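Chemist: Note that the numbering used here has the sequence shown beginning at 151, numbered continuously upward. Think of the CB as a built atom: it goes at the ideal place given N, C-alpha and C, for glycine as much as any other residue. Remember, predicted model here, so these are calculated numbers, not experimental data.
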Amino acid sequence: MKFGKSLNACFIASALFLPTALYAHASDVVHQEVIVTAQKFSSAASKTPMAVSAINGEALIQNGFESTSTLTSAIPNLQMDANGTATRISIRGVTSQDTTEKGDPSAAFMLDGIYIARSEAQNTSFFDVERIEVLRGPQGTLYGRNTTAGVINVISKRPNDEFELRLNGNFGNFNARSLGAVINLPISPNFRVRAATNFNLRDAFILNEQGTAYKMSNNRDDASFRLSALYQVNDALDVLIRADYSKINSINADIDAANFYIDPNAQNPVYYNSSSKAKRTLSFIPANGGRSVLQQYDTDNQTWGIGAEVNWKLPWATISYLGSHRYFERNELGNIILSSQYGSRFIQDADYSQDSHELRLAENLEGKFGSQIGIYYFTETADVRFTLRDLQVIYLPPFFAFPQNPAINTNAAIFAQTNYQATDRLSFTFGARYSKDNKSRYGFTSFQQEYDFNPANGDFHFLNAAKLGSDNVTWRAGVDFDISADSFIYGAIATGYKSGSFNDGCMAGSSFGGEICTFPTDDNLLFYKPETLTSYEIGLKTRFWQRRAYLEATMFYYDYQNLQLTGLAYDRFGGPFYTTTNAAKASIIGFELTGDMRTSSRAKISYALTMLDARYGTYSPDGIHDWSGLALDRTPPMTASFGYETTHPIASGNLIFRLNSRWSDSYYLSNTSSGLRFMVPSFTKTDFNIGFEPSNGDYNLQFFVKNMEDIVYPLTVGGGVAAPSEPRTIGFRWGMNF
Numbered sequence: 151m152k153f154g155k156s157l158n159a160c161f162i163a164s165a166l167f168l169p170t171a172l173y174a175h176a177s178d179v180v181h182q183e184v185i186v187t188a189q190k191f192s193s194a195a196s197k198t199p200m201a202v203s204a205i206n207g208e209a210l211i212q213n214g215f216e217s218t219s220t221l222t223s224a225i226p227n228l229q230m231d232a233n234g235t236a237t238r239i240s241i242r243g244v245t246s247q248d249t250t251e252k253g254d255p256s257a258a259f260m261l262d263g264i265y266i267a268r269s270e271a272q273n274t275s276f277f278d279v280e281r282i283e284v285l286r287g288p289q290g291t292l293y294g295r296n297t298t299a300g301v302i303n304v305i306s307k308r309p310n311d312e313f314e315l316r317l318n319g320n321f322g323n324f325n326a327r328s329l330g331a332v333i334n335l336p337i338s339p340n341f342r343v344r345a346a347t348n349f350n351l352r353d354a355f356i357l358n359e360q361g362t363a364y365k366m367s368n369n370r371d372d373a374s375f376r377l378s379a380l381y382q383v384n385d386a387l388d389v390l391i392r393a394d395y396s397k398i399n400s401i402n403a404d405i406d407a408a409n410f411y412i413d414p415n416a417q418n419p420v421y422y423n424s425s426s427k428a429k430r431t432l433s434f435i436p437a438n439g440g441r442s443v444l445q446q447y448d449t450d451n452q453t454w455g456i457g458a459e460v461n462w463k464l465p466w467a468t469i470s471y472l473g474s475h476r477y478f479e480r481n482e483l484g485n486i487i488l489s490s491q492y493g494s495r496f497i498q499d500a501d502y503s504q505d506s507h508e509l510r511l512a513e514n515l516e517g518k519f520g521s522q523i524g525i526y527y528f529t530e531t532a533d534v535r536f537t538l539r540d541l542q543v544i545y546l547p548p549f550f551a552f553p554q555n556p557a558i559n560t561n562a563a564i565f566a567q568t569n570y571q572a573t574d575r576l577s578f579t580f581g582a583r584y585s586k587d588n589k590s591r592y593g594f595t596s597f598q599q600e601y602d603f604n605p606a607n608g609d610f611h612f613l614n615a616a617k618l619g620s621d622n623v624t625w626r627a628g629v630d631f632d633i634s635a636d637s638f639i640y641g642a643i644a645t646g647y648k649s650g651s652f653n654d655g656c657m658a659g660s661s662f663g664g665e666i667c668t669f670p671t672d673d674n675l676l677f678y679k680p681e682t683l684t685s686y687e688i689g690l691k692t693r694f695w696q697r698r699a700y701l702e703a704t705m706f707y708y709d710y711q712n713l714q715l716t717g718l719a720y721d722r723f724g725g726p727f728y729t730t731t732n733a734a735k736a737s738i739i740g741f742e743l744t745g746d747m748r749t750s751s752r753a754k755i756s757y758a759l760t761m762l763d764a765r766y767g768t769y770s771p772d773g774i775h776d777w778s779g780l781a782l783d784r785t786p787p788m789t790a791s792f793g794y795e796t797t798h799p800i801a802s803g804n805l806i807f808r809l810n811s812r813w814s815d816s817y818y819l820s821n822t823s824s825g826l827r828f829m830v831p832s833f834t835k836t837d838f839n840i841g842f843e844p845s846n847g848d849y850n851l852q853f854f855v856k857n858m859e860d861i862v863y864p865l866t867v868g869g870g871v872a873a874p875s876e877p878r879t880i881g882f883r884w885g886m887n888f
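Quick look at the structure:
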């Protein structure tokens, strides 16, 4: 109750902070408006009735936001972590834990509006980006399933009608080095081509003191290329083709959880502070009955795609098509420490192929109504083999494998949304989407003496065979009102859902590859339900102080049902596997305040404050531990950030100073398998850089320090291991324009 009263007080105070709040002398310096496409049409962020944050490409470079995991400090209530080779996204406490072929994310990650299904394929560097838009809250109407948390859309730069050639790079500690290049060619008045490439390398943060010669793999090792071509057929029709390729060998490996907690297996693990180096040192080797469980980390992942965007402007409407084919190949070798007593080497081989198509019609007649309607289709096919080794210590054969082929995931949807301009100042929004999902997976849980299955060696397996069909209706209803030319308020109710799916096991009567389901899995254990979320949100957006300053205030409440939680379990023979269950419900209430202020023509202040109270309703992860009323993972009750940027002219150009600092309250990480909860204490991280840009803009130089405090904290904890965050990094960035 006290938390709710605090939120109300914050929101009312924000609403009173209107154009007359501050006085300043007249100036040409104003808040720079940002154009976003969050509603699938262009609108000013300050006039978009939802919680959306946008970062342009130049800001990404200037602040060192080089990959997904670096965005946490820039967006309110966002946490993006590198977990092994995968990217874990949490927005306002809503997240997903299952990154296998049968799991789905809670936040949709998109590249130029194309949904990227595999979290491992998201772990690339940002390059030649126009902007990144982060939509906080469920987006089930325009974006469909798997958007209970929100949407992250990385939008690359389009070919334009000017010649452009740019080079950029950086180098720093941990042997970091990167190189990027962009060229834009206007071939003719109606045909333009743009190419961009990026290479990024950085040694591992983790220090190996296991007494082996193994390298801890590179923290960053990726290379990417993108080619785009824009053909302006006529004034009404344009076609944009994009093709991209990325090699993704980056990994954030695990270390012993005892680096952070006195006894990570105790019922209430106690966090203790140590140096950055101590937290990043891996010296632990599980006993494993004297058997070696270590191998050299090796990652050879790659993804590529080709897509088309077509826009045809008719006198009364615009017809848009967005489609793509994408492929992701995953090949990894690594080590898993399952407990202090045993570990395992693993082999991961997988191929994923996805196709998506969206056809949308948006009417563009002048009038009170503005409507769009569309259809969408997505399909993904996976061939996956995951193998664990060295589990003889728990009386399993040398190889414990999960060959699954095929795993098929399809989604078809129809959606519509309309905006009704009731008066010059009052508008209403209504939208709905019908989605149909189908999932199936066939394969085995296999116990083998060698890598290849051979019954002559006594190998045996159990069938995994399940399929699931479901449908869902999501909707949005909103109202917004212009208080003045520079201020407006909005309110919205929106829904979202994440698909249901299944665990390992087989349905009664199912068969595959000549195998019959001998031991059917009870439906209550085999299947889990879709998770759903209903959001109630009100917001204020205002420019004031002669448009020098901008402020957003948002308050929201989530009714979160059947949230999906994933943990480690063991089959009847003691083999480990991941299983997902539904928690009964959770509730989330929060407040966000963000803004910036141009204090002069050469200085800018930015700030953000978040408050969050996210808790389980009634839930026990294992029937023993009661988590009812406890906080959800990665939900600090409060965060605050401050940024300052100032430009100082000198004889030949400008010196630019930037300082950004973020404080986070403490929060928890949970392990549903053991019922343990790990507290991450509060911390502050500060970034600083100083740069020089000559008057002609031909080049730029920058010295930077990220995480000046050298704070290292766990990103994930479970099974006796943890993934550490990035330590302090120092280096130089440079860029050249031709």
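What residue range does the beta strand (DSSP E) around ALA566 cover?
Modeler: On the sequence shown, position 416 is the one that residue 566 refers to. Taken as a continuous stretch (DSSP letters only), the beta strand (DSSP E) holding ALA566 covers 549-571.
Chemist: What would DSSP say about VAL862, mapped onto helix, strand or coil?
Modeler: By one-based count along the sequence shown, residue 862 stands at place 712. Looking at VAL862 - three-state DSSP - the assignment turns out to be coil, as it is neither helix nor strand.
Chemist: Do you know how far the Cα of THR729 is from the Cα of ALA873?
Modeler: Taking the first residue of the sequence shown as position 1, residue 873 is located at position 723. Taking the first residue of the sequence shown as position 1, residue 729 is located at position 579. Annotation: ALA873 to THR729 spans about 21 Å, alpha carbon to alpha carbon.
Chemist: Quick one: is ARG575 buried, meaning 16 or more other Cβ sit within 10 Å of its Cβ, or exposed?
Modeler: The residue labelled residue 575 in the question sits at position 425 within the sequence shown. Exposed, because fewer than 16 other Cβ atoms sit within 10 Å of the Cβ of ARG575.
Chemist: Counting beta carbon pairs with one atom in the region 660-669 and one in the region 611-628, are three or more of them shorter than 8 Å?
Modeler: yes
Chemist: Report the CB separation of ASP636 from ARG697 in whole angstroms; it is logged as a contact under 8 Å.
Modeler: Sequence index remark: in the sequence shown, residue 636 carries index 486 (1-based). Sequence index remark: in the sequence shown, residue 697 carries index 547 (1-based). Their Cβ separation, rounded to whole angstroms, is 7 Å, which keeps ASP636 and ARG697 in contact under 8 Å.
Chemist: With distance defined between alpha-carbon atoms, name the residue in PHE313, THR235 and ILE211 nearest to PHE277.
Modeler: Stepping through the sequence shown from its first residue, residue 277 is reached at position 127. That would be ILE211, whose Cα lies nearest to the Cα of PHE277.
Chemist: What are the start and end residues of each continuous beta strand (DSSP E) run of 3 or more residues lying completely inside the region 632-670, in chain order?
Modeler: Counting whole runs of 3 or more residues, the region 632-670 contains the beta strand (DSSP E) stretches 637-648.
Chemist: For LYS365, count the other beta carbons within 10 Å of its own beta carbon; 16 or more makes it buried, fewer makes it exposed. Which is it?
Modeler: Numbered from 1 along the sequence shown, position 215 holds the residue referred to as residue 365. Flag for LYS365 reads exposed.
Chemist: Across the region 416-423 and the region 437-457, are there enough close Cβ pairs to call them in contact, namely three or more that are closer than 8 Å?
Modeler: no
Chemist: Could you pull out every residue in the same chain whose Cβ sits closer than 6 Å to the Cβ of ARG582, ignoring the five residues on either side in sequence?
Modeler: Looking up residue 582 in the sequence shown gives position 432. The displayed chain sequence assigns Ala, not Arg, to residue 582. Answer for ALA582: TRP625, listed in chain order.
Chemist: Between ILE861 and THR531, what straight-line distance do the alpha-carbon atoms span, to the nearest angstrom?
Modeler: The residue given as residue 861 occupies position 711 in the sequence shown. The residue given as residue 531 occupies position 381 in the sequence shown. Taking the straight line from one Cα to the other gives about 41 Å.
Chemist: Work out the CA separation of TYR411 and GLY773 for me, nearest whole Å.
Modeler: Stepping through the sequence shown from its first residue, residue 773 is reached at position 623. Stepping through the sequence shown from its first residue, residue 411 is reached at position 261. Those two C-alpha atoms are separated by around 25 Å.
Chemist: Nearest CA to the CA of ALA271: which residue from ALA562, ALA373, ARG281 and TYR526?
Modeler: Along the sequence shown, read from residue 1 onward, the residue named residue 271 stands at position 121. Comparing Cα positions, the closest option is ALA373.
Chemist: Output needed for ALA386: all residues of its chain with C-beta closer than 8 Å, excluding positions within five of it in sequence on either side, in chain order.
Modeler: Working through the sequence shown from its first residue, we reach residue 386 at position 236. Contacts found: TRP462, LYS463 and LEU464.
Chemist: Going by DSSP, name the residue or residues bridged to PRO874.
Modeler: Indexing the sequence shown from 1 puts residue 874 at position 724. In the DSSP output, where bridge partners are listed per residue, PRO874 has PRO864.
Chemist: Restricting to Cα atoms, I'd like to know which of THR682, ILE643, ARG748 and CYS667 is closest to ARG693.
Modeler: By 1-based counting over the sequence shown, the position of residue 693 is 543. Closest by alpha carbon: ARG748.
Chemist: Taking the CB atoms as reference points, tell me whether ILE558 and ALA458 lie closer together than 7 Å.
Modeler: For the purposes of this step, residue 558 is taken as residue 408 along the sequence shown, with counting starting at 1. For the purposes of this step, residue 458 is taken as residue 308 along the sequence shown, with counting starting at 1. Not closer than 7 Å, so no.
Chemist: Check whether the region 181-198 and the region 821-834 are in contact - that is, three or more C-beta pairs closer than 8 Å.
Modeler: The region 181-198 is not in contact with the region 821-834.
Chemist: Could you tell me if GLU798 is buried or exposed, where buried requires 16 or more neighbouring beta carbons within 10 angstroms of its beta carbon?
Modeler: Counted from its first residue, the sequence shown places residue 798 at position 648. In the sequence on display, residue 798 carries His and not Glu. Its Cβ having fewer than 16 others within 10 Å, HIS798 is exposed.
Chemist: On a CA-only basis, which of SER306, GLY473 and THR579 is nearest PHE519? Give me that one, please.
Modeler: Counting from 1 along the sequence shown, the entry for residue 519 is found at position 369. Ranking SER306, GLY473 and THR579 by Cα distance to PHE519 puts THR579 first.
Chemist: Using a Cβ-Cβ cutoff of less than 6 Å, which residues in the same chain neighbour SER177 once the five nearest sequence positions on both sides are dropped?
Modeler: Counted from its first residue, the sequence shown places residue 177 at position 27. Bear in mind that the predicted position of SER177 carries a pLDDT of just 46, short of 50, making it unreliable; the figure below should be weighed with that in mind. Closer than 6 Å at Cβ, skipping near neighbours: no residue.
Chemist: Examine the Cβ distances between the region 241-250 and the region 289-300 and report whether three or more of them are shorter than 8 Å.
Modeler: yes
Chemist: Within the present structure, is the beta-carbon of GLU843 separated from the nearest heavy atom of the ligand ATP by less than 6 Å?
Modeler: In the structure shown, the ligand ATP is absent, as is every other ligand, since no ligand is present at all.
Chemist: Quick check: what's the CA-CA separation for THR768 versus ASN674?
Modeler: Within the sequence shown, the letter at position 618 stands for residue 768. Within the sequence shown, the letter at position 524 stands for residue 674. Using only the alpha carbons, I get a separation of about 18 Å.
Chemist: So, THR645 versus GLY290, is the Cβ gap smaller than 7 Å?
Modeler: Taking the sequence shown and counting its residues from 1, the one referred to as residue 645 is at position 495. Taking the sequence shown and counting its residues from 1, the one referred to as residue 290 is at position 140. Cβ distance < 7 Å, so THR645 and GLY290 count as in contact.
Chemist: Closest to ASP672 by C-alpha separation, out of GLU687, PHE652, LEU690 and TYR686, would be which residue?
Modeler: For this step, residue 672 is matched to residue 522 along the sequence shown. The option with the nearest alpha carbon to ASP672 is PHE652.
Chemist: Taking GLN452 as the reference, which of ASP404, TYR502, SER426 and SER494 has the closest Cα?
Modeler: Position 302 of the sequence shown, counted from the start, is the residue given in the question as residue 452. It is TYR502.
Chemist: How many Å lie between VAL279 and PRO680 at the Cα?
Modeler: Here residue 279 refers to the residue found at position 129 of the sequence shown. Here residue 680 refers to the residue found at position 530 of the sequence shown. So the alpha carbons of these two residues sit roughly 34 Å apart.
Chemist: Counting Cβ pairs, one atom from each stretch, are 3 or more of them under 8 Å apart for the region 350-369 and the region 392-408?
Modeler: yes
Chemist: Nearest CA to the CA of ARG878: which residue from TYR863, ASN857 and VAL867?
Modeler: Within the sequence shown, residue 878 is the residue found at index 728, counting from 1. Closest by alpha carbon: ASN857.
Chemist: Under 7 Å, do GLY593 and ASN555 count as touching if we go by C-beta distance?
Modeler: For this step, residue 593 is matched to residue 443 along the sequence shown. For this step, residue 555 is matched to residue 405 along the sequence shown. Result yes, Cβ atoms of GLY593 and ASN555 sit closer than 7 Å.
Chemist: Given a threshold of 16 other Cβ atoms within 10 Å of its Cβ, counted over all protein chains shown, does ILE525 qualify as buried or as exposed?
Modeler: Within the sequence shown, numbered from 1, the residue matching residue 525 stands at position 375. The residue in question, ILE525, is exposed, as its Cβ has fewer than 16 Cβ neighbours within 10 Å.
Chemist: Out of ALA416, SER756 and ASP783, which one is the CA nearest neighbour of ALA764?
Modeler: Position 614 of the sequence shown, counting from 1, holds the residue named residue 764. Sorting ALA416, SER756 and ASP783 by C-alpha distance to the C-alpha of ALA764 places ASP783 at the top.
Chemist: Specify the secondary structure class of TRP884 as computed by DSSP and reduced to three states.
Modeler: Residue numbering aside, residue 884 sits at position 734 when the sequence shown is read from its first letter. Three-state result, TRP884: strand.
Chemist: I need the boundaries of the beta strand (DSSP E) containing ASP763, first residue and last residue.
Modeler: For the purposes of this step, residue 763 is taken as residue 613 along the sequence shown, with counting starting at 1. Looking at the DSSP string, the run of the beta strand (DSSP E) that includes ASP763 is 753-766.
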